[in-house]
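**Student:** Taking my numbering, I'd label the letters of the sequence shown as residues 1 to 261. Cβ coordinates follow ideal geometry from the N, Cα and C atoms, glycine included. These figures come from a predicted structure and were not determined experimentally. I am attaching a structure below and will ask some questions about it afterwards.
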Amino acid sequence: MSALPHRLDRTVVIGAAPETVFRFFTDTPRWAAWWGAGSTIDATPGGRLLIRYPGGVEASGTVVEVRPPQRIVFTYGYESGKPIPPDSSRVTIVLEPTGDATRVRLTHEFAEADVRDQHVQGWRYQLSLFGNVVADEVHAAAPAAIDAWFEAWADADAGRREQTLSKVAEATIRFRDRFSNIDGLAELVAHITGAQRFMPGFRMTRSGDVRQCQGTAVADWVAVGPDGNERARGLNVFVFNPRGQIESVTGFMNRMRDAAS
């Protein structure tokens, strides 16, 4: 390989542990999930990698170094030879823990400055897509956790309610809506007891699919009274930590109906 004096640097933080993030560089199905169907990687020194972009462009290279879960180095170029042939540039990816998350540092080295500049937006996009693909796996259970959250609000047994919430939420969970400014699981359990006293027999359930993006999820809900009639609709915004637990919830009410409506 010729000298590679021109480098592109990009850093992103992804809400997952380094061991989780690194699997997307070494496991072919996960590799293909953020590059494109048909992409493959043999994550051993000397192993080949193939990238099939959705538009049909193909790139390939050779794995140079693998140090799980901290570092991977591979060469990169295009099967067509344009703008650079296979194995003519080098990509180094380093993972660093930062709290519960991972800082991903990428360096792409090129022989020519203009080719480097052509890849700036591509890596900006690709690493953004990468963050979402990792988050989709980490938070695959988000709908079940959100359903458990709503179920807990209808559970009259405080002990059982706390047990349910402790499985899906942090002990330091924060809850905000027009009637709530609550910090901590114990306070939340007591707050729900108060809500049940003033609104006996009310039940909230999720309405529609959960929308999740990099650890923040939105879920619509509907509340029905003890007579089974709809009393309110709204949405909640859930923020999950990198371990898949709910760390905060913010609630919004879209509309409320009185008992006679």
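Could you give the first and the last residue of the continuous alpha helix (DSSP H) run that contains P143?
**Tutor:** Translated into positions along the sequence shown, residue 143 becomes position 143. Element bounds for P143: 142–154.
**Student:** Quick one, which of F202, D157, L4 has its alpha-carbon nearest E230's?
**Tutor:** Walking along the sequence shown from the start, residue 230 turns up at place 230. Among F202, D157, L4, the Cα nearest to that of E230 belongs to F202.
**Student:** Across the region 199–215 and the region 132–146, are there enough close Cβ pairs to call them in contact, namely three or more that are closer than 8 angstroms?
**Tutor:** As far as the Cβ criterion goes, the region 199–215 touches the region 132–146, which means the pair count is three or higher.
**Student:** Which runs of the beta strand (DSSP E) spanning at least 3 residues fall entirely within the region 24–72, listed in chain order?
**Tutor:** Whole beta strand (DSSP E) segments, 3+ residues: 48–52, 58–67.
**Student:** For R206, which residues in the same chain have their Cβ closer than 8 angstroms to its Cβ, ignoring the five residues on either side in sequence?
**Tutor:** As a first step, residue 206 must be located in the sequence shown, where it is residue number 206. Within the same chain, R206 has close Cβ partners P143, I146, D147, F150, A219, D220, W221.
**Student:** Please work out which residues of its chain come closer than 7 angstroms, Cβ to Cβ, to A259, disregarding the five sequence neighbours upstream and downstream, and give them in chain order.
**Tutor:** Locating residue 259 in the sequence shown gives position 259, counting from the first residue. In this prediction, A259 has a pLDDT of 47, which is less than 50 and means its spatial position is unreliable; nothing more can be read from the coordinates.
**Student:** Measuring CB to CB, does V64 end up less than 8 angstroms from Y76?
**Tutor:** The residue labelled residue 64 in the question sits at position 64 within the sequence shown. The residue labelled residue 76 in the question sits at position 76 within the sequence shown. No, the pair does not count as a contact, with Cβ atoms beyond the cut-off.
**Student:** Using the Cα positions of H108 and S89, report the straight-line distance between them to the nearest angstrom.
**Tutor:** By 1-based counting over the sequence shown, the position of residue 108 is 108. By 1-based counting over the sequence shown, the position of residue 89 is 89. Rounded to whole angstroms, H108 to S89 spans 7 angstroms at the Cα level.
**Student:** Excluding the 5 residues preceding and the 5 following E247 in the sequence, name in chain order all residues of the same chain whose CB lies nearer than 6 angstroms to its CB.
**Tutor:** As a working mapping, residue 247 is identified with position 247 in the sequence shown. Cβ within range, chain order: E170, V239, N241.
**Student:** Going by DSSP, what residues sit across from R90 in a beta bridge?
**Tutor:** Counting from 1 along the sequence shown, the entry for residue 90 is found at position 90. According to DSSP, which records beta bridges pairwise, R90 is partnered with T75, E109.
**Student:** With a threshold of 6 angstroms on Cβ separation, who are the neighbours of N254 within its own chain once the five nearest residues in sequence on each side are excluded?
**Tutor:** Sequence index remark: in the sequence shown, residue 254 carries index 254 (1-based). Within the same chain, N254 has close Cβ partners R233, G234.
**Student:** Out of W123, R67, G61, point me to the one whose CA is closest to R10's CA.
**Tutor:** Position 10 of the sequence shown holds residue 10. Minimum Cα distance to R10 is reached at W123.
**Student:** G56 to R243, Cα distance in whole Å?
**Tutor:** Here residue 56 is taken as the residue at index 56 of the sequence shown, counted from 1. Here residue 243 is taken as the residue at index 243 of the sequence shown, counted from 1. Their backbone Cα atoms lie some 36 angstroms apart in a straight line.
**Student:** Between the alpha carbons of P97 and R103, how many angstroms are there, rounded?
**Tutor:** Numbered from 1 along the sequence shown, position 97 holds the residue referred to as residue 97. Numbered from 1 along the sequence shown, position 103 holds the residue referred to as residue 103. When rounded, the distance between both Cα atoms is 6 angstroms.
**Student:** Are the CB atoms of I14 and G99 nearer to each other than 8 angstroms?
**Tutor:** Against the sequence shown, residue 14 aligns to sequence position 14. Against the sequence shown, residue 99 aligns to sequence position 99. Contact flag unset, no.
**Student:** For I93 versus F198, is the C-beta spacing smaller than 8 angstroms?
**Tutor:** As a first step, residue 93 is located in the sequence shown; it is residue number 93 there, counting from the start. As a first step, residue 198 is located in the sequence shown; it is residue number 198 there, counting from the start. No.
**Student:** Given a cut-off of 8 angstroms, decide if R48 and T62 are closer than it, judged by their beta-carbon atoms.
**Tutor:** Along the sequence shown, one-based indexing puts residue 62 at 62. Along the sequence shown, one-based indexing puts residue 48 at 48. Yes; because the gap between Cβ atoms is below 8 angstroms, this pair is in contact.
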